[in-house]
Amino acid sequence: MGSKKHRSKTSASSHNPSCCPMGLSLLILLPLSVAFNLDVENPAVYTGPNGSYFGYSVDFYMTDSSVSIIVGAPKANTSQPNIREGGSVFYCPWSLSQSQCSSIEFDRQGDLNVTLNDSVHQGEFKSHQWFGATVRVHEDSVLACAPLYSWRAKEDTPRADTTGSCFLSVKNFTKFVEYAPCRTEFHERKGQGYCQGGFSADFTQEGKVVLGGPGSYFWQGQVITAVKQEIVKAYYPGFFLTSVNGQIQTKQKKEITFDDNYMGYSVAVGEFSGDDDEDFVTGVPRGVRLHGQVRESSQTINLFKFVVHITSRMTDLLVGAPMFMVRDSDGRLEELGRVYVYMQNGPLDLTPQLPHLTGTQMFGRFGSSITPLGDLNQDGYNDVAISCPFGGENKQGLVLIYNGHAGGLREKPSQVIAGQWASGTTSALPASFGYALRGGKDLDNNGYPDLIVGAFGADAAVLYRSRPIVNTSATLTVNPTMINPEEKVCTISRGNEILHVSCVNLSFCLSANGKHLPNHLEFNVEVQLDRLKQQQKGAAQRALFLDTQLPALQRTLTVPNGARVCSDTKIYLQDEKDFRDKLSPIFVALNFSLNPQAAADRYGLRPILNYQTAELIEQKAQILLDCGEDNICVPDLKLSVKEVYMGDDNSLTLTFNAKNDGGGAYEAELYVVLPPEADYSGIARNNESLAQLTCSYETENQTRYLSCDLGNPMKSGTSLWAGLRFTVPRLKDTHKFVQFDLQISLPVPSLFHFPVSLYLSFYSVSRPDKVFFPPPNWKLTKNVMVEQDVGPSVQHTYELVNNGPSRISHTLLQLKCPMRLQSNRFIYPLEVTTEGPVNCTTHNIVNPQNLKVRSCRLTMVTPVVWNKPDSTYAVPLWIIILAILAGLLLLALLIYVLYKLGFFKRTPYGTAMEKAQLKPQAASEA
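When we follow full-length UniProt numbering, the leftmost residue of the sequence shown carries the number 1, and every step to the right adds one.
See the structure below:
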């Protein structure tokens, strides 16, 4: 199984392993599988020389005597004389205590010279050859290639061709041979020119070497294959041109349309023809007018024209197109990248799976590298890792793990691994985490395959090991499922008090199994009652655990691998007065997880739950209601309201009747939505026939409403009257009624309109209440200067009261004052001032003489009591004396007449009768 990385875009005249017109990667794999258990918390990180591009290519190297990884560093310096940045391959042993990497000396020689036309010329150009850009391993052999290696052919003097060259190590690095099939003595149309042999490479299962050379034959490209043993036999040190027995290679096409197609840009191997011999698949990224192709034998697969088909259990093919562009909602092109999955139905019958996998990161190069991961969860299917080397935050790079199943590849990744190096942290390049991928080998021998990720921009390679997977099933049982509040069969103690409560049994069980697991697994188990209700503000707890009297129970269960363990407990119902909700079920939730504190296995890894495991299980228990055998209540609630008129005191009493003619109504409530004009005052308490409800005032989204409890339950046949008091301070005079929305339990609102009336009161007062005019010592002057010269001041106060309930949108008060009396000026207006939202106008001139105003007056009317004014025609004094004397004379005359008549003469004892009445009684009568 193999995968091939690809590079970014460049021009046709300058090609190197990091550039190409369109990226393309190929992957052959067996049926797909689930992947989710790569340990990202404890990776093994290997680093190489700064700027060496360490991690540009990676692979596993596992023999009977060694377990390690091979890492290519195409810009590293070596001990070769006079070679600059020739590139190197590093050997990195693996162990729980991480060790250092060391360079493998595939080639110790510098550039060799050649003799052309009796002259000695430099024959090789190994500086900047990118040795290690391609690395592949097969058993005890390692193939490392330098695609930018150049050499000078006989007819090519003084120029050199970038033919590429590879070295093959065999028998655990005990022998090294060179393999450079594109290196010939010819150039132009007969030679490979810019072949770049080894730009891509792979091994078949039997050990055949497959090389891709995208620059051959004017960039038509070429694929070359030879048996590993024949390559070793054909090698002779110091000879540039060798012939390998049995080597096969594609031929040059005569049609010019095949030029610049880049065949061999990526290669992979697999069985497609049905003859049990592995076939070769190559990418042609510039084929079909730059759309790209994949070629297998004589079959050409156009990347953009397929239909979906279900896979069989045969070899399948994945193709990466990291520069694929998608139009966004605005019609603009976005480079997101795409991976095509082709499922094989039969010989040479590859059908794409739809929808295709499309990246989500702009310019992330999704699909740059693809690798099979093997059967991570031991379910018979393979898994896939796909890189997005420039995606993620700060372009740190991403590797996405996709699950497989019998029908193909799942659309969503089950795990996303982010690089730990941000762009530019160690160099000017992005870290390119994921540019190279290799998987499918169990490095630590724990029974699960591992993954290597290269990040050449950070000069690093990261090993992620797979954690053992635990397949777990859980059950949760409540028995009985109906809690009868009347059957109190359990007891609890609170202080010195013993309480009898209603309870039911609760049982939960866990089973665990998996491959390569410890003998015993520890689980943390938590059981919660009414978990969602606990999150609601003010929600009352309805049930508790009998053992702890708490709403949650935590336990640790130790489950043997392949066994099942159960635990039992009880839950009880709280007093019905402590909660309101009796209708909704009491949910019991079981949540479990592996104990993170459990010891790691002998491989230093802790198991992980299968990601498809349902870690949360719920059951429910019902509260037995007074609603018949089916425990379903069908109430028949009715609501009626007396019509009320609002009057002088600006208040309103809403009297209503709530009635239930059906079954018991649990949590029966009356909801009253208040109009904007009204405010809630309280419950009507002046009538003994009215029920005293419990109501709460709430505000939600600027809606004000009352919630009044009608009973829990409101039993069948219940009929109650109640009253609610409101004030209506904000009613406009344009409104003819106030509207209240009422509903009882069910959301069926009723609208009630209450007619309104208006009552106004008017009051006035004068200060002072009486004025004497003219005032003492007051003289009328002609030259009036100040207000005191005019006369005394008066103040009138007017009060207009709106007793409600409506507001008055416009009010006009007209005052008429007696400005003149008997053609003479009577009231002199000094000034008009206002306070508040009052506008005043007058038809007369205010303060016509511009008198100096001492103070502000709003009103000036009062009753006037007139004194008789002094007259210029006064009574002479002699008349007054004469009148007095005349009066005295008249009085003397009257006295004389009375005297003559005997008015002043009186009898001493009166008449005889009077005398008799005045005599005292005899002493005997005393």
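Cβ atoms here follow ideal geometry from the backbone N, Cα and C, with glycine treated the same way.
Here Leu885 is exposed, its C-beta having fewer than 16 other C-beta atoms within 10 Å. Of the candidates Phe433, Ile571, Val384, the residue whose Cα lies closest to the Cα of Val489 is Ile571.
As the crow flies, the alpha-carbon of Leu546 is around 17 Å from that of Leu590. For the UniProt repeat "FG-GAP" (37-101), not one full-length alpha helix (DSSP H) segment reaches 4 residues or more.
Taking a contact to require three or more Cβ pairs closer than 8 Å, the segment 487-505 and the segment 465-474 do not qualify as touching.
The count of Cβ pairs closer than 8 Å, one atom from the segment 577-595 and one from the segment 435-453, stays below three, leaving the stretches out of contact. Burial state of Ala563 is exposed, judged by a 10 Å Cβ sphere holding fewer than 16 other Cβ atoms. Arg564 is bridged by DSSP to Ser511. The segment 53-64 makes no contact with the segment 108-122, as fewer than three CB pairs between them are under 8 Å. A Cβ-Cβ separation of about 4 Å places Ala44 in contact with Leu463 under the 8 Å criterion. The alpha-carbon of Cys388 is positioned some 59 Å away from that of Asp741. DSSP places Trp219 within a helical segment (H, G or I) once states are collapsed to three.
Taking 8 Å as the cut-off, the Cβ atoms of Thr653 and Trp721 do not count as close. In the DSSP assignment, Arg730 forms no beta bridge with any residue. At a Cβ-Cβ threshold of 8 Å, Met323 and Glu334 do not count as neighbours. Per DSSP, the continuous beta strand (DSSP E) segment holding Leu742 begins and ends at 737-744. No Cβ-Cβ contact shorter than 8 Å links Val227 with Gly212. Under DSSP, no beta-bridge partner is assigned to Trp878.
Judged by beta-carbon spacing, Phe523 lies within the 8 Å limit of Leu594, meaning their Cβ atoms are closer than that value. DSSP places Ala234 inside the alpha helix (DSSP H), whose first and last residues are 228-234. For Ile492, the enclosing beta strand (DSSP E) starts and ends at 490-494. Just so you know, the alpha carbons of Pro792 and Cys840 end up roughly 24 Å apart. For Thr351, the enclosing beta strand (DSSP E) stretches over residues 349-352. DSSP lists no beta-bridge partner residue for Tyr899. For Tyr697, the enclosing beta strand (DSSP E) begins and ends at 694-700.
Secondary structure note for Ala418: its beta strand (DSSP E) is the uninterrupted segment 408-418. In this structure, Ala406 lies away from Gly439, with their beta-carbon atoms at least 8 Å apart. Between Leu812 and Leu800, the C-beta gap is not smaller than 8 Å, which leaves the two residues out of contact. Leaving aside the five residues that flank His516 on each side, the residues in its chain whose CB is nearer than 6 Å to its CB run, in chain order, Asn446, Gly447, Pro468. In the three-state reduction of the DSSP assignment, Arg531 falls in the helix class.
In terms of Cα proximity to Ala621, the closest of Leu557, Ala684, Pro485 is Pro485. Within the same chain, Cβ atoms closer than 6 Å to the Cβ of Thr225 are found at Lys208, Val210, Ile248, the five residues on either side in sequence being excluded. Listed as beta-bridge partners of Met714 by DSSP are Ala665. In this structure, the alpha-carbon of Pro355 lies about 13 Å from that of Met343.
In the pairwise beta carbon analysis, the segment 599-607 is classified as not touching the segment 547-556: fewer than three pairs are separated by under 8 Å.
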